[in-house]
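What follows is one structure encoded as structure tokens, with my remarks underneath.
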Amino acid sequence: MSTPSVNRLFQHTLRNISKATFKPSQTRQIQSTTRRCGPPRTLAQVQPRWLSTSRPTRAGLMPETDDPQPPKEKSAEPIPRQPTELTDEEYHEVADEYMELVHEKAELIQEGREDVEVEYSAGVLSITFPPTGTYVINKQPPNKQIWLSSPLSGPKRYDWVVEGESMHEKEGGGTGEWVYLRDGTNLTELLGKELGIHVYAQEGEAAKPTLDPKE
1 MSTPSVNRLF QHTLRNISKA TFKPSQTRQI QSTTRRCGPP RTLAQVQPRW
51 LSTSRPTRAG LMPETDDPQP PKEKSAEPIP RQPTELTDEE YHEVADEYME
101 LVHEKAELIQ EGREDVEVEY SAGVLSITFP PTGTYVINKQ PPNKQIWLSS
151 PLSGPKRYDW VVEGESMHEK EGGGTGEWVY LRDGTNLTEL LGKELGIHVY
201 AQEGEAAKPT LDPKE
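Taking UniProt numbering, the leading residue of the sequence shown gets 1, the next gets one more, and so forth.
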């Protein structure tokens, strides 16, 4: 055999040995594929995650409430801020009439109690009412007011206020009262509470007449 033929035969033998040595077996390829893919996943492992869309609740002021409504504000009556305009003649008319009514009611109480003293002169009414003390009620023409000195509630200045007269109501149809503008209370209610003098009471019933100076 010639030398070139021997060389070709030798190279062919080496290629066959290399293929037999480095070619992976079918079993090894299957194991490698299985190792890459991993075990099959169960149904429990592939369940979708559910997202909650429920609206969050807010804690209320009380433990048993989730979202309480704010409390409704109670409507309060407006406090008068301005006295009714009066001429000097109108002031004396309504003030004298009121002072006379208070004087008459105070004398009725004096008739039933010997310890009560009542004096009225020149627009000044003094009522001694044991054990509370002495009340002084007097006119103040320069200010068009009635002043009160009370041993319980202290000094107060009352202005004449006519309520119920608006642009939609008949002129002269309002009701007048002596009102303490700082808190909206009136003199009639205070006298009834502290002295039991019900200025407008007639036969056991309290009636507030219309004291509009325009009438």
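Beta carbons: idealized from backbone N, C-alpha and C, even for Gly.
Using only the alpha-carbon positions, how far apart do residue i and residue j sit?
i, j, result
"residue 186", "residue 176", "10 Å"
"residue 133", "residue 84", "32 Å"
"residue 191", "residue 149", "11 Å"
"residue 142", "residue 112", "36 Å"
"residue 155", "residue 87", "25 Å"
"residue 145", "residue 153", "18 Å"
"residue 161", "residue 184", "10 Å"
"residue 95", "residue 114", "28 Å"
"residue 226", "residue 126", "Outside the displayed span of the chain (1 to 215) sits residue 226, for which this structure offers no information."
"residue 131", "residue 82", "36 Å"
"residue 170", "residue 178", "Any answer about residue 170 is weak, because its pLDDT of 42 lies below 50 and its placement is not dependable; what the coordinates show is given next. When rounded, the distance between both Cα atoms is 21 Å."
"residue 182", "residue 93", "24 Å"
"residue 99", "residue 89", "15 Å"
"residue 159", "residue 193", "19 Å"
What residue does the alpha helix (DSSP H) around residue i start on, and which one ends it?
i, result
"residue 110", "88 to 112"
"residue 175", "Not the alpha helix (DSSP H): residue 175 falls in the beta strand (DSSP E), residues 175 to 179."
"residue 85", "No alpha helix (DSSP H) contains residue 85, which DSSP labels as neither H nor E."
"residue 190", "187 to 194"
Below 8 Å CB to CB, which residues in the same chain sit around residue i once its five sequence neighbours on both sides are set aside?
i, result
"residue 110", "116, 117, 118"
"residue 101", "199, 200"
"residue 151", "132, 133, 134, 135"
"residue 122", "none"
If you follow the beta strand (DSSP E) that residue i is in, where does it begin and where does it stop?
i, result
"residue 156", "154 to 163"
Name the DSSP beta bridge partners of residue i, please?
i, result
"residue 236", "As displayed, the chain neither begins before 1 nor continues past 215, which places residue 236 out of reach and without an answer."
"residue 118", "127"
"residue 133", "129"
Cutting at 7 Å between CB atoms, please list the residues of its own chain near residue i, excluding the five before and the five after it.
i, result
"residue 105", "197, 198, 199"
"residue 129", "116, 135, 195"
"residue 107", "118"
Give me, in chain order, the residues of the same chain whose beta-carbon lies closer than 6 Å to that of residue i; leave out the 5 immediate sequence neighbours on both sides.
i, result
"residue 124", "138"
"residue 120", "103"
"residue 147", "138, 140, 157"
"residue 188", "199"
"residue 91", "144"
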